[in-house]
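For reference, the structure discussed in these notes is given below.
In this note's numbering, the protein residues as written are 1 to 131.
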């Protein structure tokens, strides 16, 4: 897999952060039907509140175009995917210099091949040092 991308970060004040990114992923599979190129854009906003609380929201759009027809459907796959994520953490809560982070999100993929269409809500709990 090869990725080429960039990100711009804007910090209007010490408690706010905006991120805007764009990139292209290319995956070369052993079979052409599973080889794809996927450009995407991402926007994220983070806000720090009193008491060490940090909240964030991220929006992402991805387009995947596959190189050859799917062997079962006879048509090259084209996916359009959107994601929305919210996260929260408190920098005052620490475990070996890491803070717990809760993330909830929603993904919607539209594909020209119905088998690959989906809607999914998800949640993650993890540790981070990113503030």
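We put the beta carbon where it would ideally sit given N, CA and C, even for glycine.
| query | result |
| --- | --- |
| Do you know how far the Cα of residue 101 is from the Cα of residue 40? | 25 angstroms |
| Rounding to the nearest angstrom, what Cα-Cα distance links residue 74 and residue 66 in this structure? | 12 angstroms |
| For residue 38, which three-state DSSP category applies? | strand |
| Strictly by DSSP, which residues pair up with residue 122? | 105 |
| How big is the Cα-Cα spacing for residue 23 and residue 6? | 6 angstroms |
| Can you tell me whether residue 4 is helix, strand or coil according to DSSP? | strand |
| Can you pull the DSSP bridge partners for residue 183? | No answer is possible for residue 183: it lies beyond the span of the chain, which begins at 1 and ends at 131. |
| Please tell me whether residue 79 and residue 103 are closer than 8 angstroms, where the distance is taken between their beta carbons. | no |
| Count the other CB atoms within 10 Å of the CB of residue 64; is the residue buried (16 or more) or exposed (fewer)? | buried |
| Mapping the DSSP letters down to three states, classify residue 31 as helix, strand or coil. | coil |
| Using the Cα positions of residue 62 and residue 105, report the straight-line distance between them to the nearest angstrom. | 15 angstroms |
| When we look at the beta-carbon of residue 82 and count the other beta-carbons within 10 Å, is it buried (16 or more) or exposed? | exposed |
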